[in-house]
Amino acid sequence: MSTTTLNDAPPVAPSKNRVRIAVSLFYFGQGIAFASWASRIPQIKTTLGLTEAQLGTILLMLPIGQLMTMALSGKLVSKYGSHKVMPIAAILYGIVLCSIPFATNAWQLGAILLLFGITGNMCNIAVNTQGVLTEELFGKSIMSSFHGAWSIAGFTGALVGLATMNLGITTLPHFIFIFALLIINILVNSKFLIATKPAKAEKKSFGLKMDKILISLGVVGFCSMATEGAMFDWSGVYFHDIVQAPENLVILGYASFMVMMATGRFLGDFIIARYGRQRILQGSGILMFIGMMLSVAFPSLWVCVLAFMLVGLGVACNVPTVYSIAGKHPTVSSGIALAMVSSVSYLGFLIGPPLIGYIAEIFSLRYSFGVFALFGLLMFFMTSRLSIFKS
């Protein structure tokens, strides 16, 4: 008579919902790590005695690190699988985060942020690959909810930053706490990531077909991502230097922006279905313009909280919408179309934060936000002219 032990039982495949939760939590982990850094930028700027121009140049190192390793990250994910790359990349991301407080000068901070960009990009490629695989598992679009989880993490990270600063907790213990959360997430959820076989190398040339519509879509994405990047890196500094908010309320600028961006992403699919892509993008441009100009014209605490909420709502749906339109281009394949649009769009995220710093150094941080308000108007006029934006 034979007996069956638990060890002899075949492994039970996780449910689709459990996979979705695991992937969402990896998005959340990446978001809270980035938000934790962003919440401490004003304090780090003050501690190191950086000018606006110096901070702008240093912030450039993060997207440079991301751009430097886009091809490498893709190859690693393709060769080893995103389910293997994701946990390792998340650990490295947390280690680099905890290294930031050890910077004692601008050069050290710049070098650490370069590594932060590199490890962050590896996380980004891996987690988005998991998002695509999970979409295939469900057989429907659920990517917006993953990006919504990232935005919720940004808001949560801002709240944690606010709490730690009010409690007098310094940057290093704050970041170590976030790293501990990342480790717990990895231990609990890594086994639920979707495993894939290594992809075979393809010998295909890759080119970008210049197309007027795609370039225009890229410019719209550029305007949105430049504003988004500026808000990520400069909202706290604006509240500190221009609004002159109390030290324990400086984080409200970043938090108000992030909570509305998250809300907009969760509601985006419903609103687009009701009003159409063109109207949503036009309205988003107007919200970006009004929000930025309100913060310039009335730099008081609660007006700027409202203003940054409008900006967050304005940038929420732009990039996903632009990518969706590009992927349905009538004459260019979706892969090439998305590559062109995303390249131009991401350039905005690359140069937006340092551009704010350079304008602020010449004039003031307040006027640099006024210049960026014009990106909202440019978005409005471009989306009004192009018929491809119509539903």
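Note that the sequence shown covers residues 69 to 459 in the working numbering. All C-beta atoms, glycine included, are put in the ideal place defined by N, C-alpha and C. Remember, it's a predicted structure, so these values are computed and weren't measured experimentally.
What three-state label does DSSP hand I45 in the structure shown?
Nothing can be reported for residue 45, as the shown portion of the chain is limited to 69 through 459.
DSSP three-state label for V311, please.
coil
Excluding the 5 residues flanking L182 on each side, which residues of the same chain have their C-beta closer than 6 Å to its C-beta?
M129, G133
What is the rounded straight-line gap between the Cα of T202 and the Cα of K152?
16 Å
Check whether the segment 183-191 touches the segment 292-309, counting contact only when three or more Cβ pairs, one atom from each stretch, lie closer than 8 Å.
no
According to DSSP, simplified to helix, strand and coil, what is R434?
helix
Through-space distance from A428 to A365, alpha-carbon basis
16 Å
By the DSSP assignment, the alpha helix (DSSP H) with P110 in it spans what residues?
109-116
Inter-stretch contact (C-beta, 8 Å, three-pair minimum) for the segment 245-254 and the segment 373-380
no
Terminal residues of the continuous alpha helix (DSSP H) containing I168?
Segment: none, I168 is in no alpha helix (DSSP H) and carries neither H nor E.
Burial state of I424, where buried means 16 or more other Cβ atoms lie within 10 Å
buried
Whole angstroms is fine: what's the gap from S413's alpha carbon to G289's?
Computed Cα separation, rounded: 4 Å.
By alpha-carbon positions, which one of G438, L227, T238, T399 ends up nearest to L362?
For L362, the closest alpha carbon among the candidates G438, L227, T238, T399 is that of G438.
Could you give the distance in angstroms between the alpha-carbon of F170 and the alpha-carbon of L249?
20 Å
When you compare the CB positions of L355 and L335, do they come within less than 8 Å of one another, or not?
No; because the gap between Cβ atoms is not below 8 Å, this pair is not in contact.
To the nearest whole angstrom, what separates the beta carbons of G162 and A217, a pair I think is in contact under 8 Å?
Rounded, the Cβ-Cβ distance is 18 Å, inconsistent with contact.
Taking Cβ to Cβ, would you say L116 is nearer than 8 Å to N196?
no
Could you please give the first and the last residue of the uninterrupted alpha helix (DSSP H) stretch that includes A375?
Judged by DSSP secondary structure, A375 falls within the alpha helix (DSSP H) whose first and last residues are 369-383.
Give the range of the alpha helix (DSSP H) segment to which F247 is assigned.
239-257
Taking all protein chains shown into account, do 16 or more other C-beta atoms lie within 10 angstroms of the C-beta of Q312, making it buried, or fewer, making it exposed?
exposed
With C-beta atoms as the reference, is A158 less than 8 Å away from F223?
no
Close-in-space but distant-in-sequence residues of the same chain around C372 (CB under 6 Å, 5 per side omitted):
V311, S363
Nearest-angstrom Cα distance between G199 and S150?
10 Å
Y343 to F300, Cα distance in whole Å?
28 Å
Helix, strand or coil for S83, going by three-state DSSP, please let me know.
The three-state secondary structure of S83, taken from DSSP, is coil.
Let me make sure I understand the geometry here. Which of T232, G332, P367, L282 has the alpha-carbon closest to that of Y391?
The residue with the shortest Cα to Cα distance from Y391 is L282.
Quick check on this structure: which residue in M328, I358, S352, L454 has the alpha carbon closest to the alpha carbon of V387?
With distances taken between Cα atoms, V387 lies closest to S352.
Can you give the Cα-Cα distance for I237 and P398, rounded to whole angstroms?
55 Å
Taking 6 Å as the limit between beta carbons, can you name the residues of its chain near L144, skipping five residues before and five after?
V153
Residue range of the alpha helix (DSSP H) that N196 falls in?
174-206
Taking only three categories from DSSP, how would you classify V439?
helix
Contacting residues, own chain, Cβ-Cβ under 6 Å from I186 (five flanking each side not counted):
G133, T137
Under DSSP, the alpha helix (DSSP H) around N234 begins and ends at which residues?
211-234
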